[in-house]
Structure formats: C-alpha cells, structure tokens
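J.: The structure follows.
2 protein chains.
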Amino acid sequence: MSDQRIVRPTPISGFPEWSPQIRAVEQQWLDHIRAGFESFGFASIETPSVENLETLMAKGETSQEVYTLHRLQADGKDDSDARLGLHFDLTVPFARYVAQHFNELTFPFKRYQMQRVWRGERPQEGRFREFTQCDIDVIDVDSVPLHFDAELPRIIHRVLSGLDIPAWTLSVNNRKVLQGFYEGVGIKDPIVVIRAVDKLHKIGDDGVREILLADGLTGEQIDACLRLARVKDTGAAVADQVRALGVESELLEEGLTELAFVLNDLSDLPEGSVVADLSIARGLDYYTGTVYEASFDDDPEYGSICAGGRYENLAGQFIRRKLPGVGLSIGLTRIFAKLVAEGRITEGRMCPTDVMVVVPGADSRTDALRTGELLRSRGFDTEVFHSTAKIGKQLQYASKKGIPFVWFPPFDEDGNHEVKDMGTGEQGAADPRTWSPHNTQGQNSG
Amino acid sequence: MSDQRIVRPTPISGFPEWSPQIRAVEQQWLDHIRAGFESFGFASIETPSVENLETLMAKGETSQEVYTLHRLQADGKDDSDARLGLHFDLTVPFARYVAQHFNELTFPFKRYQMQRVWRGERPQEGRFREFTQCDIDVIDVDSVPLHFDAELPRIIHRVLSGLDIPAWTLSVNNRKVLQGFYEGVGIKDPIVVIRAVDKLHKIGDDGVREILLADGLTGEQIDACLRLARVKDTGAAVADQVRALGVESELLEEGLTELAFVLNDLSDLPEGSVVADLSIARGLDYYTGTVYEASFDDDPEYGSICAGGRYENLAGQFIRRKLPGVGLSIGLTRIFAKLVAEGRITEGRMCPTDVMVVVPGADSRTDALRTGELLRSRGFDTEVFHSTAKIGKQLQYASKKGIPFVWFPPFDEDGNHEVKDMGTGEQGAADPRTWSPHNTQGQNSG
C-alpha cells in the first residue's frame, strides 16, 4: 500500500456534496416537495440528462453555458455524442418531451420534474455547476385556463411552508400589465423597459432611469414606469392602485383582470403569503402573462429561490401546435446549499435505523436475525449488530449512530424480549410482534 | 408560427425516457428499493455526477468509456472543466467519498446510493449510455465483518422479491475458493482462470478449455477447473461437494468456510433464492472474497441484473488507510427497460390524483377550492377542475385520466357533499371531513 501513489480527493467547486446527516434532510425535502406536487394531481416525469444541442439551442439562447459531452476514448467511428449537451434547465426538455410524446398525453398535461441540471458557469456564491431544480408546469393545447395561474402559487405556498426555511415572499405580477402600461404611456418597445425594471432591485431607481434615458424614453415616461414598479399589494385591490395611475390600454386592463383573478383565488392563504409586486418583471422573453418570483425576506439580494410564469408557446420550435403553459421552478439546491453554508439546517440522523438488535454470541445469531426480520416486517428499520463484540461496544455503536432503540435477548419465540430506549435509558420487556416505540414498558435501568 | 423552423424531436439512442404511466411504475420501484435498503439501516448518500478524471482513472481502468465535459462557450480563461468526467459507476465515487469524508463518518459505514451513471458506449440491447444504478455497500476500517456478506443477499432478496419481475436467481461464490482451488492444482496465475471461467456461460466448456490451453494449463488442470465450475448447491453443503473434488489449500478452506457461513446465515430464506454457484467468477480484479451475481431464470443470456462482491481496499488510491468493503449493485434501468421493451410492465396511472372536485360554475369556485384543500389536508391527492366546463366534459377528463373519485356539490360547510366512484359508477353522500374511499355510501346512480 505504501508504495501506491495517493490521489487525495478534494471537493469540485460548484458541485455540492453532503454528509449523510445533511443528505437525510435533503431527502426529506425532496419527499415533501414531491408529495406537495402530487397532492394537486401532478404526474412525475423525468427526461434524460442530455438533449441534442439543436434542441438546447432551439430557443435561440446561446448565453447559457452548456456542457457538451465527449468520449474520452472516441474510437473515431461514432461522433454522435458530440451533438449532445447536458440540459441547463427543465423547461426546454419539458417542451421537447411534450412535443415528442404529444399523442400519448392527456391535456391539460400537469407534470412535475425534479432533476439535476448543469451550467458551465464560473462558480460563485449561490451559483452551482450542478444543481437540482423542482419544476411544476401545466401545458395545454391552444390555451391554458387561468385557474392554473392561481393554482401554482397555492402549490408553492403549500410546499415552501412545509420546509424549515427562513421567511420568504412569493411575488406575482403580469406581463400584460407591464406591457399594456408601457404602451399606454407611449413606449414603443416594452421589452426594453421590462429588462431594465427586472434589474430594479439591483441597480435602484437611478440605474433604471439611466438605462431608459439612454434608450430614448422621456423623463415623464420613466417616472410613470417607476411609479408602476412601486405598486405592491397583498390583495386584488392592486388593480385599483394601478388604475389610479391614470394610464389606460386594453392590454393593461386584461392584465389587471388576470392579476386580480389570481389574487382573489388565493385570498384564503395567510395574509402576505402571495403579494402583487409590480416591480417583478422576469427577464426572460418567453413570458407573456402571469410571472412569479420568490425570495428570502431577510436576504433579497440572494435573488429568486423560486420563479416562473406563463408562456404562450414554448414548444413551437418542436411541433406545429400552439402549446401554451404556466410553470414554476423551485431552486432546491440554491435554497438548500445556502442554508447549509449558513449552518441553518438541523442535521438529520446518521442512519434511518429505528432499532438495533444486539448479538451476544454466535449461538444467538439465528435468533437475532429472525428478530430483525420480524421487526422489519412490522415496518421498523432494523440493524442486526454485525459481530459478537462485547455488549458495551455494541451499545456504543448504537449510541454513536443515534439509533433510538436497542433490542436484547432472550429472543424466545413467545415474545419474551427486552428493549432499551437510548434516549431515556429505560429498559423493559417487549414483544417484537406487538412492540411500538410508544408502548415500551419502561423499567428504568439506565 | 408557420414560418418557424421546426426541429422535430427524436429519441436519443441509449438515453431512456418514459411516458408518465411508465414513469409512475419506475418511481414505485425506486421507492420500494429505497425502503428495502433503509429497512436494514443503510443511509442515503449522493455524489456529484462528475468526478475529476484523475479519480475516475485511479483504479487504472481506462477501458470504461468515460464522457468528459466541455463548455460550449469556453471563454478560454478557465479550462478546469476539461478535467471532469461523468461517473461510470457508483463504486469509484463512493470510494472517493469515504476517503474524502473519512473523519466525519462512523464505521462500519453502511450506505446506499441510487443515481444515474453514464457510459459512452455504442448502444445495443440492454446497454444504455445513461442508466440508474442502485448500490448498497458497507465499508469499514481494516476489516469488514463477514456478517455483511450474508446480509447483502438478504437485502437483495427482500428488494427484488417485492418487485413484479420474472423469476431470478442470486448466485454466490467466493474468490478465495476459486483462487485456493486453482493454486491447489498447481496453477500459477489464478486470475487468468478467473477471467476465463467468468466467460463460461457465454463460450461454454470448449471455449474456456481453448483459452486455458493457450495459457499453458495442462488438460488435467483444466478438467479440475471445469469440475469446480459445475458445483452448484442451495445450501452450506456445497463446501463438502468442493472438498470431494480432492483439492486442498489453506485459502480454499478459508473460502469454503466463508461461503458456508453466508449460506448458513441465509437458510431461512425460501429454498433456491440464493444459490452457491462455483462458476460465478466476476471478472473485476478488485474482488477478493464473496462475489454475487443475479440473472433472470428465463433469460440468463441477458447477463447480470445485480452484481457485486467483497473488495479488500477500494479506496487505497485516495487515502492511506485500509478500507475493505462489500457491496451489491442493482442494474435498475437494465431490468426496467428490458421489461418495458417486452411489454411486461403493467402501466401505472396517468396521474396520482385520488379525487377530482367538479366546478359547476364561477360562483361555486371558492367552495370547490376550499373542498380541495380540505381533502388534501386529509391526505388525498386532489385536483379541482380547471374551468367551469359542462359537468359531462369534467367527468370525461376524470375518466380519461383514470381518476378514481369525482366530488360534487353542494359543498356546504356541514359536509353535505356527494362523491362518485368512477369505477363502479356509484354516487352518494359524503362528508369531506370524514370520507375515505372505503366508506363511500353508495347509491347506484350510474
């Protein structure tokens, strides 16, 4: 061994990895999110980690830093892999999936997708090269009911409320409101303003003013845009606040009606869970109606932890059908890794074990194994100790691993066994056929 | 839209993708396997999809076709990604993980890992470029108790028995038996024989004989090797069968004792679940004791669906500690995709929805949403219909999606509601605060 060269492993920047205790919490989060998505009837899909480069680039976006795959030992006979890239989000693969499986699906198609995605970025705080996204989208043929614009924030509320994370706010806006308002004050190219307003929280009023002046807007137009961006309300009354700004257009009115519908539908949620915030723009071109963005109240600078919106026709590059949709994506790794780094995740247990069965000697091994199987069949995650080490050593292992109950002989068939509660130190008689953690007949021997 | 170029999506060879109905079954399988692993107290870990190429190549294996990552838009300033490759199994990442996190772990470290892996192979039946492996391993410092050599087949038995798959057999052997036996008949380089015997099922006795003759073995030695490979038994008596061949060596005796221990420990499992098969060699050099291989009884040609064994020091390249282990890997995609291709997977439901709440008109929307929340809070996955379409159309949607129960007004607060069992057509009164699928008060109106 000593003559062998040691390749000392080091973490790879941008590719998070957790200890078993942290991974246990991540797994709980994933289970919780999945259960939340399914509780609204959304179906799971997964797509391959790779797409053809043509698919990844179909939206015309080349700004994403795509990882392409190459074979280390290419044999020269097959270069098909050179056209493959790791997906950088789950939206493009979803659009491709719907187009490809169009005839097999029932619409509206309600799906969730929880997978790793990759971006070849230079790593920085809160940015990862590999991370998990939890996406939920509805896609339909020709049009998508507004029902879903309101249902998605309800789902996100249910999901995020159940995670032990710092306070957050989900903001809602509507691109028709922005576009209609901008057009109403005589702006020719609303998307320029949308992109500028999207930066408002980072660069402030003055920064936005500078950009828009350079784009040729009048001071009056800019003032109107900034006034709109200041509108914020927790209820459907937000529409009246916007109308009070005195700008009129058909599109604006349409957007306000949609926004009010969404807020009205969500009025049963706790006050402040969902807020209309007219400064939320979302930079991406493909949003056409409702847009969403959630961030931490105590760290808005960290940026969005969950975002999405309504799009008119995301799969148009793949199929000659109009397939509009609305979706939201939770940046699981963005949230989780931040809290890990800040020490705000309470570590889970080192192992799932509920009960450890001691093995006092080789002659009790068969009985111990049988007891283990019996406890497992009753739903308890059970370890049978892996040797006939001294009982003290076996208990030490259970204690170190945080196993809550240790099982003792006699392992007789009539159920005459003993169990020790490692938390309280109590030990008492227990029948493996009927025992539960709540009916341990404690006799304090600790 | 019509002037847009359509990039018609096609499946990418070697990268499987499922419909929602098939994905639902895959998800059940994954849940079941995970529960099986956890029922023995194994902890979950995940590692990044990539490793440094140095890590991937540390075992000296270059035969694996590794996918390396490259950035599509490399800016020339950071070529660190060029040293990254997608992992081709979960064993190498696990060994690296244990070495890297050595001081944080409690030994014996019992972990499972269920992740995608990638191999840049030319696709062929049963081979994938991206596939999911479900690995379970125990790693320990200096030595690993033999307990685990017997526990792993028990876990695999529990896991595979719970899946709706064709009959399979888990074969066990011990490399010490092979090596000791070969040495006992005077063979200098047992690994050559191990590699030849590993091909026995494919090339037959004559093929093995040819290889070994070319390697300089005598006819007598080859006959002995082939006699050993024919030994097969379901119980610990296999040791006596081997001893009856009249070959003696210390290592052989050690191996037979280990093999008998494993078989004896598993004697409570149904007859034939685990079989000692002395022709099982496993080609990989790093196995040093127990080896495992499972295949389908009706299609042994398909090769192993689950395999593994004991290794002496897999992490020796990463840390100056001896860290032996024993592990098994289930080729989930290999099994699942084969059964999908053969039409042997019974499709799951199109969506997880238990109940769909109808929305007869805009004025009952709030009540319908409240009812949906109430049913969800009671654990039922519930869709509230997404529009106020005619009831017939709403029922049609529920029927098409296979939703088992449809909920009807009046949605009054006193629980005066109605529910229809879509399977039987029965419809009757139901209180959303107490209803369960089993207490539907049926009044046949179907």
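Just so you know, the protein sequences line up as chains C and P, in that order. Quick note on numbering: this note's numbering labels position 240 of the first sequence as 240, and the sequence is numbered without any gaps. Heads up, this note's numbering is the position in the second sequence plus 446, with the first residue counted as 1. No residue lacks a Cβ here, since even glycine has one placed at the ideal position from N, Cα and C.
In angstroms with no decimal places, state the Cα-to-Cα distance between residue 394 of chain C and residue 775 of chain P.
T.: Taking the first residue of the first sequence as 1, we reach residue 394 of chain C at position 394. Taking the first residue of the second sequence as 1, we reach residue 775 of chain P at position 329. Looking at the two C-alpha atoms, the distance is approximately 28 Å.
J.: Measuring alpha carbon to alpha carbon, tell me which of C:312, C:216, C:408 and C:392 ends up nearest residue 432 of chain C.
T.: Position 432 of the first sequence, counted from the start, is the residue given in the question as residue 432 of chain C. If we check each option's Cα against that of residue 432 of chain C, C:408 comes out closest.
J.: Looking at C-alpha atoms only, which residue of P:494, P:662, P:867 and P:461 is the closest neighbour of residue 10 of chain C?
T.: Sequence index remark: in the first sequence, residue 10 of chain C carries index 10 (1-based). Measuring from the Cα of residue 10 of chain C, the nearest candidate turns out to be P:494.
J.: Would a check of beta-carbon distances place residue 169 of chain C closer than 9 Å to chain P?
T.: Position 169 of the first sequence holds residue 169 of chain C. No, residue 169 of chain C does not count as interfacial toward chain P.
J.: Could you work out which residue in P:793, P:720, P:872 and P:764 is closest to residue 752 of chain P when comparing CA atoms only?
T.: Residue 752 of chain P sits at position 306 when you count from the first residue of the second sequence. Among P:793, P:720, P:872 and P:764, the Cα nearest to that of residue 752 of chain P is on P:720.
J.: Who does residue 555 of chain P pair with in a DSSP beta bridge?
T.: Stepping through the second sequence from its first residue, residue 555 of chain P is reached at position 109. Residue 555 of chain P pairs with P:585.
J.: Under 7 Å Cβ-Cβ, which residues of chain C neighbour residue 724 of chain P?
T.: Counting from one through the second sequence, the residue named residue 724 of chain P turns up at place 278. Here the premise fails: no neighbours, minimum Cβ distance about 25 Å.
J.: Among C:303, C:332, C:181 and C:370, which one has its Cα closest to the Cα of residue 715 of chain P?
T.: On the second sequence, position 269 is the one that residue 715 of chain P refers to. Of C:303, C:332, C:181 and C:370, the residue nearest in Cα terms is C:370.
J.: Name the residue from P:577, P:688, P:486 and P:471 whose alpha carbon lies nearest to the alpha carbon of residue 557 of chain P.
T.: In the second sequence, residue 557 of chain P corresponds to position 111, counting from 1. It is P:486 whose Cα lies nearest to the Cα of residue 557 of chain P.
J.: Please state whether DSSP places residue 596 of chain P in a helix, a strand or coil.
T.: Indexing the second sequence from 1 puts residue 596 of chain P at position 150. The answer is helix: DSSP assigns residue 596 of chain P an H, G or I state.
J.: What does a CB cutoff of less than 6 Å around residue 211 of chain C pick up in its chain, not counting 5 residues either side in sequence?
T.: Here residue 211 of chain C is taken as the residue at index 211 of the first sequence, counted from 1. Excluding residues within five positions, the ones whose Cβ falls inside 6 Å are 196.
J.: Let me see if you follow: with CB-CB separation under 9 Å, is residue 882 of chain P close to chain C or not?
T.: Your numbering for residue 882 of chain P matches position 436 in the second sequence. Chain C contact via Cβ: absent.
J.: Can you pull the DSSP bridge partners for residue 757 of chain P?
T.: On the second sequence, position 311 is the one that residue 757 of chain P refers to. Note: residue 757 of chain P sits in a beta bridge opposite P:733 and P:771.
J.: Which residue or residues does DSSP assign as beta-bridge partners of residue 650 of chain P?
T.: Within the second sequence, the letter at position 204 stands for residue 650 of chain P. Paired residue(s): none; residue 650 of chain P is not in a bridge.
J.: Determine, using beta-carbon pairs with one atom in the region 614–633 of chain P and one in the region 737–744 of chain P, whether at least three such pairs fall under 8 Å.
T.: Yes: the two stretches touch, three or more of their Cβ pairs being nearer than 8 Å.
J.: With distances taken between CB atoms, is the gap from residue 829 of chain P to residue 802 of chain P smaller than 9 Å?
T.: In the second sequence, the residue the question calls residue 829 of chain P occupies position 383. In the second sequence, the residue the question calls residue 802 of chain P occupies position 356. Contact: yes.
J.: Please report whether the beta-carbon of residue 58 of chain C lies at a distance below 9 Å from any beta-carbon of chain P.
T.: As a first step, residue 58 of chain C must be located in the first sequence, where it is residue number 58. Closer than 9 Å: yes.
J.: Determine the DSSP secondary structure at residue 561 of chain P, reduced to helix, strand or coil.
T.: Indexing the second sequence from 1 puts residue 561 of chain P at position 115. Strand.
J.: Answer with buried or exposed for residue 893 of chain P, where buried requires no fewer than 16 other C-beta atoms within 10 angstroms of its C-beta.
T.: Lying outside 447 to 892, the shown extent of chain P, residue 893 of chain P is not represented and no answer is given.
J.: Use the C-beta contact count for residue 763 of chain P: other C-beta atoms within 10 angstroms, 16 or more gives buried, fewer gives exposed.
T.: Along the second sequence, one-based indexing puts residue 763 of chain P at 317. Buried is the call here.
J.: Does the Cβ of residue 12 of chain C have 16 or more other Cβ atoms within 10 Å, making it buried, or fewer, making it exposed?
T.: Taking the first sequence and counting its residues from 1, one reaches residue 12 of chain C at position 12. The residue in question, residue 12 of chain C, is buried, as its Cβ has 16 or more Cβ neighbours within 10 Å.
J.: Which residue or residues does DSSP assign as beta-bridge partners of residue 526 of chain C?
T.: Nothing can be reported for residue 526 of chain C: it is not among the residues displayed for chain C, which extend from 1 to 446.
J.: Name the two residues that bound the continuous beta strand (DSSP E) containing residue 615 of chain P.
T.: Position 169 of the second sequence, counted from the first residue, corresponds to residue 615 of chain P. Element bounds for residue 615 of chain P: 614–620.
J.: Strictly by DSSP, which residues pair up with residue 876 of chain P?
T.: Position 430 of the second sequence holds residue 876 of chain P. DSSP output for residue 876 of chain P lists P:863 as bridge partner(s).
J.: Between P:759, P:545, P:632 and P:503, which lies nearest to residue 668 of chain P when the distance is taken from Cα to Cα?
T.: For the purposes of this step, residue 668 of chain P is taken as residue 222 along the second sequence, with counting starting at 1. With distances taken between Cα atoms, residue 668 of chain P lies closest to P:632.
J.: For a contact meaning CB atoms closer than 8 Å, what does residue 103 of chain C contact in chain P?
T.: Counted from its first residue, the first sequence places residue 103 of chain C at position 103. By Cβ distance, chain P contributes nothing, its closest Cβ being about 11 Å from residue 103 of chain C, past 8 Å.
J.: Give the secondary structure of residue 487 of chain P by DSSP, where H, G and I count as helix, E and B as strand, and everything else as coil.
T.: Taking the first residue of the second sequence as position 1, residue 487 of chain P is located at position 41. Coil at residue 487 of chain P, not helix or strand.
J.: Consult DSSP for residue 691 of chain P and reduce its assignment to one of helix, strand or coil.
T.: The count along the second sequence starts at 1 and reaches residue 691 of chain P at position 245. Here residue 691 of chain P sits in coil by DSSP.
J.: Give the straight-line distance between the Cα atoms of residue 588 of chain P and residue 132 of chain C, rounded to the nearest whole angstrom.
T.: As a working mapping, residue 588 of chain P is identified with position 142 in the second sequence. As a working mapping, residue 132 of chain C is identified with position 132 in the first sequence. Residue 588 of chain P and residue 132 of chain C: Cα-Cα distance of roughly 36 Å.
J.: Might you give, ordered along the chain, the residues of its own chain that have their beta carbon closer than 7 Å to the beta carbon of residue 420 of chain P, omitting 5 neighbours on each side?
T.: In the structure as shown, chain P begins at 447 and stops at 892. Residue 420 of chain P is therefore absent and cannot be evaluated.
J.: Taking CB distances under 9 Å as the criterion, tell me whether residue 625 of chain P reaches chain C.
T.: Locating residue 625 of chain P in the second sequence gives position 179, counting from the first residue. It does not; no Cβ of chain C falls within 9 Å.
J.: Shortest alpha-carbon distance to residue 651 of chain P belongs to which of P:663, P:671, P:574 and P:637?
T.: Here residue 651 of chain P refers to the residue found at position 205 when the second sequence is read from its first residue. When only C-alpha atoms are compared, the closest one is P:671.
J.: Closer than 9 Å by beta-carbon distance: list the chain P residues that pair up with residue 24 of chain C, in chain order.
T.: Taking the first sequence and counting its residues from 1, the one referred to as residue 24 of chain C is at position 24. Correct list: 489 and 490.
J.: Looking at chain C, is there any beta carbon in it that lies within less than 9 Å of the beta carbon of residue 750 of chain P?
T.: Start at 1 with the first residue of the second sequence, and residue 750 of chain P comes out as number 304. Judged by the 9 Å Cβ criterion, residue 750 of chain P is not in contact with chain C.
J.: Can you check which of these residues, C:271, C:323, C:153 and C:218, is closest to residue 100 of chain C by C-alpha distance?
T.: On the first sequence, position 100 is the one that residue 100 of chain C refers to. Nearest option by C-alpha distance: C:323.
J.: Find out if the Cβ-Cβ distance for the pair residue 34 of chain C, residue 114 of chain C is shorter than 9 Å.
T.: As a first step, residue 34 of chain C must be located in the first sequence, where it is residue number 34. As a first step, residue 114 of chain C must be located in the first sequence, where it is residue number 114. Contact: yes.
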